[in-house]
Amino acid sequence: MLKNPFNKNSLVNQYQSLINQINILETELKTLSDSELRAKGFKLKKQYENNQNLDSLIAESFALTREASLRTLGLRHFDVQLIGGLVLNDQKIAEMKTGEGKTLVATLPACLNAITKKGVHIVTVNDYLANRDQVSMGQIYRFLGLDTGLIQEGMGRLERRENYTADITYVTNYELTFDFLRDNMALNLTDVVLRPFNYCIIDEVDSILIDEAQTPLIISDNISTPIEKYIVAAEITDYLELNIHYKVDEKNKNVVLTEEGSKQIEKILSIQDLYDTEDPWIPYIINALKANSLFFNNVHYIVQNNRIIIVDEFTGRIMPDRRWGDGLHQAIEAKEKLSIRQKTETVAAITYQNFFLLYPKLGGMTGTGKTAEIEFEKIYNLSVKEIPTAKPIQRKDLPDLIYKDQFSKWNAIAETCNNISSTGQPILVGTTTVEKSEMLAQLLNEYKLSYQILNAKPENVRRESEIVAQAGAKNSITIATNMAGRGTDIILGGNINFKIQKKLYDILTLSKNYIVSKKTNIFQSQLMRQFEGNSQKFISVLLSLLNDSKFLKLSDIDILRILRENDRISLPRVSYQCSIRFLINELVSYYKKHQEQENKIVKNLGGLYIVGTERNDSRRVDNQLRGRCGRQGDPGTSRFFLSLDDNLLRLFGGSKIQNFMQTQISDNSPLESNLIAKSLDSAQERVEERAYQQRKILFDYDDVLNKQRNIIYFERRQILESKSVQKDIFAYGEQIITELLLELKDETVSLIGNLFGRNLFLNSSREFDSYELKIYLFNEFWLTYQAKNQELSVYGSKIMENLERTIILIHTDRIWREHLQKMTLLREAVGWRGYGQKDPLYEYKREAFLMFETREEILRHLVIYDLLRSSIL
Numbered sequence: 001m002l003k004n005p006f007n008k009n010s011l012v013n014q015y016q017s018l019i020n021q022i023n024i025l026e027t028e029l030k031t032l033s034d035s036e037l038r039a040k041g042f043k044l045k046k047q048y049e050n051n052q053n054l055d056s057l058i059a060e061s062f063a064l065t066r067e068a069s070l071r072t073l074g075l076r077h078f079d080v081q082l083i084g085g086l087v088l089n090d091q092k093i094a095e096m097k098t099g100e101g102k103t104l105v106a107t108l109p110a111c112l113n114a115i116t117k118k119g120v121h122i123v124t125v126n127d128y129l130a131n132r133d134q135v136s137m138g139q140i141y142r143f144l145g146l147d148t149g150l151i152q153e154g155m156g157r158l159e160r161r162e163n164y165t166a167d168i169t170y171v172t173n174y175e176l177t178f179d180f181l182r183d184n185m186a187l188n189l190t191d192v193v194l195r196p197f198n199y200c201i202i203d204e205v206d207s208i209l210i211d212e213a214q215t216p217l218i219i220s221d222n223i224s225t226p227i228e229k230y231i232v233a234a235e236i237t238d239y240l241e242l243n244i245h246y247k248v249d250e251k252n253k254n255v256v257l258t259e260e261g262s263k264q265i266e267k268i269l270s271i272q273d274l275y276d277t278e279d280p281w282i283p284y285i286i287n288a289l290k291a292n293s294l295f296f297n298n299v300h301y302i303v304q305n306n307r308i309i310i311v312d313e314f315t316g317r318i319m320p321d322r323r324w325g326d327g328l329h330q331a332i333e334a335k336e337k338l339s340i341r342q343k344t345e346t347v348a349a350i351t352y353q354n355f356f357l358l359y360p361k362l363g364g365m366t367g368t369g370k371t372a373e374i375e376f377e378k379i380y381n382l383s384v385k386e387i388p389t390a391k392p393i394q395r396k397d398l399p400d401l402i403y404k405d406q407f408s409k410w411n412a413i414a415e416t417c418n419n420i421s422s423t424g425q426p427i428l429v430g431t432t433t434v435e436k437s438e439m440l441a442q443l444l445n446e447y448k449l450s451y452q453i454l455n456a457k458p459e460n461v462r463r464e465s466e467i468v469a470q471a472g473a474k475n476s477i478t479i480a481t482n483m484a485g486r487g488t489d490i491i492l493g494g495n496i497n498f499k500i501q502k503k504l505y506d507i508l509t510l511s512k513n514y515i516v517s518k519k520t521n522i523f524q525s526q527l528m529r530q531f532e533g534n535s536q537k538f539i540s541v542l543l544s545l546l547n548d549s550k551f552l553k554l555s556d557i558d559i560l561r562i563l564r565e566n567d568r569i570s571l572p573r574v575s576y577q578c579s580i581r582f583l584i585n586e587l588v589s590y591y592k593k594h595q596e597q598e599n600k601i602v603k604n605l606g607g608l609y610i611v612g613t614e615r616n617d618s619r620r621v622d623n624q625l626r627g628r629c630g631r632q633g634d635p636g637t638s639r640f641f642l643s644l645d646d647n648l649l650r651l652f653g654g655s656k657i658q659n660f661m662q663t664q665i666s667d668n669s670p671l672e673s674n675l676i677a678k679s680l681d682s683a684q685e686r687v688e689e690r691a692y693q694q695r696k697i698l699f700d701y702d703d704v705l706n707k708q709r710n711i712i713y714f715e716r717r718q719i720l721e722s723k724s725v726q727k728d729i730f731a732y733g734e735q736i737i738t739e740l741l742l743e744l745k746d747e748t749v750s751l752i753g754n755l756f757g758r759n760l761f762l763n764s765s766r767e768f769d770s771y772e773l774k775i776y777l778f779n780e781f782w783l784t785y786q787a788k789n790q791e792l793s794v795y796g797s798k799i800m801e802n803l804e805r806t807i808i809l810i811h812t813d814r815i816w817r818e819h820l821q822k823m824t825l826l827r828e829a830v831g832w833r834g835y836g837q838k839d840p841l842y843e844y845k846r847e848a849f850l851m852f853e854t855r856e857e858i859l860r861h862l863v864i865y866d867l868l869r870s871s872i873l
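Counted the way UniProt numbering counts, the sequence shown spans residues 1 to 873.
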């Protein structure tokens, strides 16, 4: 039974009864054969079909999943992991420390909810993690008769649809959201890839739902861009002086032009008014100043293949498909003297805040969720539950060291790395930008220390998982930008999986090249010496492999792919796959002994030593870095090195703190201060609170657009799925006639004639009352429609039906696209009304409602007008 480290109302007590049931069932399941265990899984599906009650199946499903995991992966879920799974199934966020097995925990609620056959989505932050988790955890699912899907960048429509129909699908938040947007732009049902949403588990939930909450996902089209204005604006900034012509607000990432600055620019451009509505220059100037003052190369972006690539400030990863909006991206391109790409117009957009609320059932996992608990509850209705660790945490978090300036701080960090590495203890240094990671690398070069560097540069990204996996090896120094969502465990002594892959790849490629080049004599003589330490059976299997003609035809890249996909192949289909698997298992048993020794050595050295190079704006990011050491009861140490001119202290520390520090620090020696620590904590809380308020405001505004989006997408889906939209066409036509009769009276007949595209002949000698006129016009519309139907029927019996549906969908999308542009302008306009003592949000809601109301009338007119004039050329 799980020990209860909390009080009687704790999470453990809440789930103790279920955990006891699962543990009792485990004893029974151990006696069953593999086929009998699978039969149990199929029986659960039948039970759900009969009673539609998932809650009654929780204990048995969890027990089955635990046993399947033990038999396939050799991993048995701890009782605390069962709690994590129960929390996820209860639509909550499970906060689990790094290394506590979140990936394995997700299999428990995933298997349970897959019983419904409605699909489960497990969302990760990058393609690597999605692929890794689907390969490894897929063995559990397949054992229980469930199939898995994987969505990766570059997949085609048919492949995506097939993977989304799987019982459990691994996908990134990015791919999933864009598939949703594309589905709601489809003109045929065959282009739709997603099923209706059912259950979703979000890994690194704080990274997705909080850090990325303010960035909308946008599908856009290029529009005309005044490139010369961006170039001229970039050049003008050379003639402007800070605090004279413009002021920079670093806290709010904004630039304000002074009156003197406006005059200077107007003089340079020889214009009368920067703010002229007919030919405005102000947005280009402001963006150029922002690009120069607030956005820096190797900090906020990198230049790759003559393109500006954004660097995610929270994860340190590049985002090649993202662009800053409102002309900022073009301004940065002009600053860096790169070719300026076209501006874009939004076709479809949604934020993660609103997207994930579309799931009827939602849960999430993270190592750092408690600090954002209020936001999770208020916006997503997700409470955060802290899951106990399987073993007590032994990590030591040492007090921060504060230095007077950056020079002293970075020298101290380099010296600390030198001192610690001399003992062999592994070090992980967390930096905030690419620039700083490379600067530290230069300092370590002066000490002649070897290190690995992981930042947004492409040459480093490619080796990400390998670098992180070996960060716990003896004598290693790893410099990495922020550690959120890295996914790979840092194992003390090093991770043998990558070492084995590399070793066997070298063995196989070298051996194959000897055989192919017919240097068999040289190979035979070097075999024993080259592979010393491997068993005789290893060498005999290797020799048999080298006599396999199919294996010899493989390229080096093929061999690498087979090694990486080894875990995915549950039943090897080709003889050489069996041999390769045997060789891997032999190397695992050989290296495991060595790794265990290394693990003990590194533990005795104190485990992984974490060095933070400054406090981040968010406590969560700092905690993510600290959490990389001390996994599963391992020892570890963390310490942050700070300076007075770090951004957080400089912008939010306050003048009192700065003055106090200046008097306390007189030389290069550091200071440990509880006052500073509390001040930093307070500053981080203020930054987090302000960021939350900004996201809350965004959510409130976007909620208006989201309600409208849901209506549009619902109506659109109904049109897409309907067999015929003829009733809608008749309703559109009759409603247009009724509205025109009410509003225009005498001019109605000519206007409707124009709508129908033909003359209407009315007997001028008699007067029609309104009812007769309406019936007459209804009949004329019906006859015009039938004539068009007959005209087009020669091209096929379904041509009119398909044309009607397509015209409605195209105009729905067109109106929605224009509505999105208007809503963006409205958002900007209402912001100024606050100065007139009006509530901007209320004004936005009121005018947004009025704008949305007119769309149906516009849609009716466009559809009928186009349909009755359509032709097939």
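From the three backbone atoms N, C-alpha and C, an ideal C-beta is built for every residue, glycine too.
Cβ shell of residue i (< 6 Å), same chain only, five flanking positions each side left out
i: residue 390; result: 78, 80
i: residue 199; result: 113, 120, 361
i: residue 103; result: 133
i: residue 147; result: 166, 167
For residue j and residue i, the rounded distance between their alpha carbons
i: residue 551; j: residue 588; result: 22 Å
i: residue 777; j: residue 770; result: 10 Å
i: residue 368; j: residue 385; result: 11 Å
i: residue 219; j: residue 254; result: 26 Å
i: residue 169; j: residue 66; result: 20 Å
i: residue 543; j: residue 592; result: 24 Å
i: residue 245; j: residue 265; result: 9 Å
i: residue 142; j: residue 136; result: 11 Å
i: residue 613; j: residue 298; result: 17 Å
i: residue 129; j: residue 682; result: 34 Å
i: residue 68; j: residue 431; result: 40 Å
i: residue 743; j: residue 841; result: 33 Å
i: residue 862; j: residue 740; result: 15 Å
Residues near residue i in its chain [Cβ-Cβ closer than 8 Å; skip 5 each side]
i: residue 446; result: 414
i: residue 645; result: 405, 406
i: residue 75; result: 69, 101, 104
Best match in the options for proximity to residue i [C-alpha to C-alpha]
i: residue 854; options: 401, 183, 21, 816; result: 816
i: residue 580; options: 539, 603, 613; result: 539
i: residue 127; options: 154, 141, 651; result: 154
i: residue 611; options: 649, 689, 421; result: 421
i: residue 625; options: 61, 478, 594, 825; result: 478
i: residue 677; options: 140, 235, 234, 615; result: 615
i: residue 576; options: 24, 548, 585; result: 548
i: residue 722; options: 808, 392, 336, 814; result: 808
i: residue 869; options: 449, 788, 820, 802; result: 788
Residues of its chain near residue i, where Cβ-Cβ distance is below 7 Å and the 5 sequence neighbours each way are ignored
i: residue 101; result: 81
heavy atom of the ligand GDP below 6 Å from residue i C-beta
i: residue 492; result: Looking at this structure, you won't find the ligand GDP or any other ligand, since it has none at all.
**Asked** Between the stretch 325–338 and the stretch 204–213, are three or more C-beta pairs nearer than 8 Å?
**Response** No, the stretch 325–338 is not in contact with the stretch 204–213.
**Message:** Within 8 Å, do at least three Cβ pairs link the stretch 237–252 to the stretch 148–166?
**Reply:** no
**Item:** Contact between the stretch 108–116 and the stretch 26–36 (3+ Cβ pairs under 8 Å)
**Value:** Not touching, per the Cβ criterion.
**Request:** Assess, as a yes-or-no matter, whether the stretch 471–478 is touched by the stretch 589–608 under the definition of 3 or more beta carbon pairs within less than 8 Å.
**Result:** Here the stretch 589–608 lies against the stretch 471–478, with 3 or more beta-carbon pairs under 8 Å apart.
**Message:** So, does the stretch 436–446 touch the stretch 490–506, judging by three or more C-beta pairs under 8 Å?
**Reply:** no
**Message:** Extract the residue ranges of the alpha helix (DSSP H) inside the stretch 335–385, only unbroken runs of 4 or more that lie entirely within it.
**Reply:** 352–355, 373–380
**Prompt:** Counting pairs of beta carbons, one from the stretch 619–639 and one from the stretch 90–102, are three or more of them closer than 8 Å?
**Reply:** yes
**Message:** For the pair the stretch 398–411 and the stretch 637–646, tell me if three or more CB-CB distances fall below 8 Å.
**Reply:** yes
**Message:** I want to know whether the stretch 411–431 touches the stretch 283–302 - three or more CB-CB distances under 8 Å.
**Reply:** no
**Request:** Would you list, in sequence order, the uninterrupted alpha helix (DSSP H) runs of no fewer than 4 residues that lie entirely inside the stretch 31–94?
**Result:** 34–51, 58–72, 79–89
**Request:** Determine, using beta-carbon pairs with one atom in the stretch 336–354 and one in the stretch 219–234, whether at least three such pairs fall under 8 Å.
**Result:** yes
**Request:** Kindly provide the ranges of any alpha helix (DSSP H) runs that are 4 or more residues long and lie completely inside the stretch 626–658, ordered along the chain.
**Result:** Those alpha helix (DSSP H) runs which fall completely within the stretch 626–658 and span 4+ residues are 647–652.
**Asked** Can you list, in chain order, the stretches of the alpha helix (DSSP H) that have 4 or more residues and sit fully within the stretch 237–294?
**Response** 259–269, 282–293
**Message:** Just to confirm the assignment: which complete alpha helix (DSSP H) runs, minimum length 4, are found wholly within the stretch 773–836?
**Reply:** 799–830
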